[in-house]
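Chains as they are written, first to last, in the numbering used here: chain A, 4 to 383; chain B, 11 to 281. Beta carbons are placed, not taken as given, at the ideal position from N, Cα and C, and that holds for glycine. Read through the structure below, which is laid out as structure tokens, and then see the notes.
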Amino acid sequence: MDTPLFYENVQEMYETAPCGYLSMLADGKIIRVNQTFLDWTGYSREEIVSGKRFQDLLPTPARIFYETQLAPLLQMQGRVKEVAVDLLCKERNPLPVLWNCTKQEGPQGTPAFIHSAFFDATDRRRYESDLLLARRELEGEVEKRTAELKAEILERKRVEDDLRELTSKLLSLRDDERRKLARELHDSVGQLLSGLNMNLALIQSTPLTPEAAIAVTENVGWVTEISSEIRTISHLLHPPLLDEVGLTSALTWYVDGLAQRAGMKINLEISSDLGRLPAEQELAIFRVVQECLTNVHRHSGSKTAAVRVLSLPDNVRVEVQDQGTGIAAEQLTELKASRSGVGLRGMRERARQFGGTLDISSKSRGTLITTTFPRLKPTD
Amino acid sequence: MAVLKRNNVKVLGEGMQPMIFAHGYGCEQNTWREVTPAFQRDHKVVLFDHVGAGDSDLKAFDRDRYATLDGYATDVLEICAELQLQNVVFVGHSVSAMIGVLAAIRQPDLFTKLVLIGPSPCYLNDGDYHGGFDRGDIDGLLDFLDSNYLGWSATMAPVIMGNPERPELANELANSFCRTDPEIAKHFARVTFLSDNRADLPKLKTPSIILQCSEDSIAPPPVGQYVHSQLADSSLILMQATGHCPHLSAPAETISAIRDGLKVLLRPTGS
Chain A
4 MDTPLFYENV QEMYETAPCG YLSMLADGKI IRVNQTFLDW TGYSREEIVS
54 GKRFQDLLPT PARIFYETQL APLLQMQGRV KEVAVDLLCK ERNPLPVLWN
104 CTKQEGPQGT PAFIHSAFFD ATDRRRYESD LLLARRELEG EVEKRTAELK
154 AEILERKRVE DDLRELTSKL LSLRDDERRK LARELHDSVG QLLSGLNMNL
204 ALIQSTPLTP EAAIAVTENV GWVTEISSEI RTISHLLHPP LLDEVGLTSA
254 LTWYVDGLAQ RAGMKINLEI SSDLGRLPAE QELAIFRVVQ ECLTNVHRHS
304 GSKTAAVRVL SLPDNVRVEV QDQGTGIAAE QLTELKASRS GVGLRGMRER
354 ARQFGGTLDI SSKSRGTLIT TTFPRLKPTD
Chain B
11 MAVLKRNNVK VLGEGMQPMI FAHGYGCEQN TWREVTPAFQ RDHKVVLFDH
61 VGAGDSDLKA FDRDRYATLD GYATDVLEIC AELQLQNVVF VGHSVSAMIG
111 VLAAIRQPDL FTKLVLIGPS PCYLNDGDYH GGFDRGDIDG LLDFLDSNYL
161 GWSATMAPVI MGNPERPELA NELANSFCRT DPEIAKHFAR VTFLSDNRAD
211 LPKLKTPSII LQCSEDSIAP PPVGQYVHSQ LADSSLILMQ ATGHCPHLSA
261 PAETISAIRD GLKVLLRPTG S
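This is the structure we're talking about:
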């Protein structure tokens, strides 16, 4: 292959290559373009190389980008690749291209050149802008949906808070009512029964017919039974031991009583170093044990139960375990999600009031309910 | 220390008087590399990246804090406070020129002079004022940014950010300098090109030098004139250099323009 022909081919290749070539000085002044570039943009060679600057071929947004980012980039790294840009053709119509360029340092004392190659990217850019549009729409949808969900979550939280507040109020109301009822039973009914007892003793000391004497003795027995019954009811409503001596005594009394009444065998284990807890917390723990054992008695069919009140460094852990039939898996899920079980919800709420937790696990051989109460400083 | 990490602050040079260089929109502190060596002998040169640019801490980006240029000015003041700088010469390019003006209005005692390279208090045309652009141009720029995530890809960026000790990772990207998270870049573009701080100019008491390129389509000469007319104690230096980044395209001229300007404005020391 002889040189002139080869040169001609290279020149021809440059001019008719399937991409536009453009060379400029660092300030953007265009010094050479190939024929493809002219064909694409509609300019004549004279129009382009007689002082036009590359920036003049860019629409304003691209020009801002060029001046603020691409020109500095070119200076610093000597090349820029894959810039998606529109060139302004002679008829002011945009030609979407992909643009690559490199800086060629001239010999000492001569200016640097920037050589650019442009690839027609009409289809690709249309496709990209479709994608962009789709992405923006999607983002808009996501944003909208996120806002809706946020509002929904907020509303649900509000309802949940309301429900909790209501539960908490109900619990405290019930505690108050029970306390009041317990006191009234003890004070008024108890007093009346005492009076009745004294009168019966008086009657017994007078001469009576044998039938009357038997009736009075029977009455004395009944009054004693009623008194005992009333005391039990009153103490179950609100155990006076709880206020006077503390949780350990109150639980011992309650567990013994229930074991006797229900014919159950209940093992009670309380850490010896438990000490006194704040009054509201002692009441809450008592109520939790009471609720659990009532459930064991009523629903589990278990004749044995174990209650453990463990004093741990950070919290008091209350465990109530039975050997009953257990809770069906479906029902357990419902219970855990707090969707059912008024008693359980109450217990959970009591624990929550002190920042504690309630956990329930159940198998075919029994149920274990664990409640934790973080330690508070004792009030006295 | 958090401030220095947040803004990727670098302190160079042997001199006493601090000279803090603030890069413009679309750039980062490396853009000063042709200029700063000339000042390192006589000054303490402080370089930093605006949050969102360069190697700043992207986690520190906060849309509300940086909703206006004032948030960026706060960063400048915090950097000066952290480094306990005094008698500061502030060199700001492009939007950072205005950031410097805002900072100096808030703490006039901190700065001895401002060097404003290609400043523009308002890029939009408004009545008789010709900033150079219309709102549509700026919206177009935001669209343009959406199709050009230069030096940024969702898969590569976390790799690069997570391995600062392996700069070669960044070089694998076509355009590694001035890479910016695209969302932050768009935010900064919006804040920059929609800013209007014309009313702040008369409040500046610090002497200033305005370096104006002869052909600058971002901050055209009439805008430089306008800034000069509004700043009380300013001198306007018209440069031969063209374009918006003379510190890159004509570093020698930029260096001597800054030097000349500092000489004029430098008050006798010890007085």
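Assign I156 of chain A to one of two classes, buried (16 or more other C-beta atoms within 10 Å of its C-beta) or exposed (fewer than that). In the first sequence, the residue the question calls residue 156 of chain A occupies position 153. By the beta-carbon neighbour count (other beta carbons within 10 angstroms, threshold 16), I156 of chain A is exposed.
Does the Cβ of E70 of chain A have 16 or more other Cβ atoms within 10 Å, making it buried, or fewer, making it exposed? Here residue 70 of chain A is taken as the residue at index 67 of the first sequence, counted from 1. Per the 10 Å Cβ criterion, buried.
Between Y35 of chain B and chain A, is any beta-carbon pair separated by less than 7 Å? Against the second sequence, residue 35 of chain B aligns to sequence position 25. Closer than 7 Å: yes.
Under the three-state DSSP convention, the category R279 of chain A falls into: Taking the first sequence and counting its residues from 1, one reaches residue 279 of chain A at position 276. DSSP places R279 of chain A in coil when its eight states are reduced to three.
Ends of the alpha helix (DSSP H) at L188 of chain A? The count along the first sequence starts at 1 and reaches residue 188 of chain A at position 185. Counting along the chain, L188 of chain A falls outside any alpha helix (DSSP H), and DSSP gives it neither H nor E.
What ranges does the alpha helix (DSSP H) occupy inside the region 22-53 of chain B, keeping only unbroken runs of at least 4 residues that lie completely in it? none
Does E27 of chain A pass the burial test, meaning 16 or more other C-beta atoms within 10 Å, or should it be called exposed? Counting from 1 along the first sequence, the entry for residue 27 of chain A is found at position 24. First, the residue type needs correcting, since residue 27 of chain A is Met and not Glu in the sequence shown. It counts as buried.
Using the C-alpha atoms, what's the distance from A253 of chain A back to L245 of chain A? Translated into the one-based positions of the first sequence, residue 245 of chain A becomes position 242. Translated into the one-based positions of the first sequence, residue 253 of chain A becomes position 250. Whole-angstrom Cα-Cα distance: 5 Å.
Exposed or buried, D126 of chain A, counting other C-beta atoms within 10 Å across all chains shown (16 or more means buried)? For the purposes of this step, residue 126 of chain A is taken as residue 123 along the first sequence, with counting starting at 1. Classification of D126 of chain A: exposed, given that the 10 Å Cβ count is below 16.
Compare the C-beta of F40 of chain A with all C-beta atoms of chain B and state if any pair is closer than 7 Å. Position 37 of the first sequence, counting from 1, holds the residue named residue 40 of chain A. Not closer than 7 Å to any Cβ of chain B, the Cβ of F40 of chain A fails to qualify, so no.
CB of R56 of chain A within 7 Å of CB of K32 of chain A, strictly: Within the first sequence, the letter at position 53 stands for residue 56 of chain A. Within the first sequence, the letter at position 29 stands for residue 32 of chain A. Closer than 7 Å, so yes.
Using DSSP's beta-bridge definition, name the partner residues of W225 of chain A. Position 222 of the first sequence, counted from the first residue, corresponds to residue 225 of chain A. DSSP lists no partner for W225 of chain A.
If we count the other Cβ atoms within 10 Å of its Cβ and call it buried at 16 or more, is A195 of chain B buried or exposed? Residue 195 of chain B sits at position 185 when you count from the first residue of the second sequence. So A195 of chain B ends up on the buried side.
State yes or no: is the beta carbon of F68 of chain A nearer than 7 Å to at least one beta carbon in chain B? Taking the first residue of the first sequence as 1, we reach residue 68 of chain A at position 65. By this cut-off, F68 of chain A is an interface position.
Which of helix, strand or coil DSSP assigns to D178 of chain A: Within the first sequence, the letter at position 175 stands for residue 178 of chain A. Of the three classes helix, strand and coil, the one that applies to D178 of chain A here is helix, per DSSP.
Residues within the region 97-122 of chain A neighbouring chain B, beta-carbon criterion of under 8 Å: none
So the alpha helix (DSSP H) S259 of chain B belongs to, where does it begin and stop? Taking the first residue of the second sequence as position 1, residue 259 of chain B is located at position 249. It spans P256 to S259 - the alpha helix (DSSP H) in which S259 of chain B sits, taken as one unbroken run.
DSSP state of Y69 of chain A, grouped into three classes? In the first sequence, the residue the question calls residue 69 of chain A occupies position 66. If DSSP states are grouped into helix, strand and coil, Y69 of chain A belongs with the helices.
Distance, Cα to Cα, T264 of chain B vs K123 of chain B? Taking the second sequence and counting its residues from 1, one reaches residue 264 of chain B at position 254. Taking the second sequence and counting its residues from 1, one reaches residue 123 of chain B at position 113. About 16 Å.
Which first and last residues belong to the beta strand (DSSP E) in which H103 of chain B is found? The residue you call residue 103 of chain B lines up with position 93 of the second sequence. Looking at the DSSP string, the run of the beta strand (DSSP E) that includes H103 of chain B is V98 to H103.
Best match in A:A287, A:G369, A:S365 and A:L196 for proximity to I233 of chain A [C-alpha to C-alpha]: Locating residue 233 of chain A in the first sequence gives position 230, counting from the first residue. Of A:A287, A:G369, A:S365 and A:L196, the residue nearest in Cα terms is A:L196.
Give every residue of the same chain whose Cβ lies closer than 7 Å to the Cβ of Q117 of chain B, excluding the five residues on either side of it in the sequence, and list them in chain order. Reading the second sequence from its first residue, position 107 is the one you call residue 117 of chain B. Taken in chain order, the residues that qualify are L87.
Between the C-alpha atoms of P110 of chain A and G81 of chain A, what's the straight-line distance to the nearest angstrom? What you label residue 110 of chain A is simply residue 107 of the first sequence in a count that begins at 1. What you label residue 81 of chain A is simply residue 78 of the first sequence in a count that begins at 1. Taking the straight line joining both Cα atoms gives about 16 Å.
Straight-line gap, Q58 of chain A to Y130 of chain A (C-alpha atoms, nearest Å): Along the first sequence, read from residue 1 onward, the residue named residue 58 of chain A stands at position 55. Along the first sequence, read from residue 1 onward, the residue named residue 130 of chain A stands at position 127. When the Cα atoms are used, Q58 of chain A and Y130 of chain A turn out to be separated by approximately 26 Å.
Between the CA atoms of E225 of chain B and H118 of chain A - distance to the nearest angstrom: By 1-based counting over the first sequence, the position of residue 118 of chain A is 115. By 1-based counting over the second sequence, the position of residue 225 of chain B is 215. Approximately 22 Å, taken between the alpha carbons.
Report the residue ranges of all beta strand (DSSP E) runs contained in full by the region 304-334 of chain A; include only those spanning at least 3 residues, in chain order. For the region 304-334 of chain A, whole beta strand (DSSP E) runs of length 3 or above, ordered along the chain, are 307-314 and 318-325.
Going along the region 48-68 of chain A in order, which residues come within less than 8 Å of chain B, judged by CB to CB distance? Closer than 8 Å at the C-beta level to chain B, one finds these residues of the region 48-68 of chain A: Q58, P62, T63, P64, A65, R66, I67 and F68.
In three-state terms, what does DSSP make of V19 of chain B? As a first step, residue 19 of chain B must be located in the second sequence, where it is residue number 9. Coil, per DSSP.
Compute the Euclidean distance between the alpha carbons of R182 of chain A and R148 of chain A, then round it to the nearest angstrom. Your numbering for residue 182 of chain A matches position 179 in the first sequence. Your numbering for residue 148 of chain A matches position 145 in the first sequence. Roughly 50 Å between the two C-alpha positions.
Residue-level contact to chain B via CB, P75 of chain A, 7 Å cutoff: Walking along the first sequence from the start, residue 75 of chain A turns up at place 72. Yes, contact with chain B.
State the start and end residues of the unbroken beta strand (DSSP E) segment that holds A251 of chain B. As a first step, residue 251 of chain B must be located in the second sequence, where it is residue number 241. S244 to T252 is the span of the beta strand (DSSP E), which, as asked, contains A251 of chain B.
DSSP three-state call for H241 of chain A: helix, strand or coil? Position 238 of the first sequence, counting from 1, holds the residue named residue 241 of chain A. Coil.
Assuming V223 of chain A and L211 of chain A are in contact, meaning their beta carbons sit under 8 Å apart, how far apart are those beta carbons, in whole angstroms? On the first sequence, residue 223 of chain A is found 220 positions in, with the first residue counted as 1. On the first sequence, residue 211 of chain A is found 208 positions in, with the first residue counted as 1. Their Cβ separation, rounded to whole angstroms, is 13 Å, which puts V223 of chain A and L211 of chain A out of contact at 8 Å.
Can you check whether the C-beta of V86 of chain A is within less than 7 Å of a C-beta belonging to chain B? Within the first sequence, numbered from 1, the residue matching residue 86 of chain A stands at position 83. Chain B contact via Cβ: present.
What does DSSP give as the partner residues of G23 of chain A in its beta bridges? Position 20 of the first sequence holds residue 23 of chain A. G23 of chain A pairs with A:F121.
Among the candidates B:E193, B:V101, B:A63 and B:D156, whose CA atom is the shortest distance from the CA of A267 of chain B? The sequence position of residue 267 of chain B within the second sequence is 257, counting from 1. By alpha-carbon distance to A267 of chain B, the top candidate from B:E193, B:V101, B:A63 and B:D156 is B:V101.
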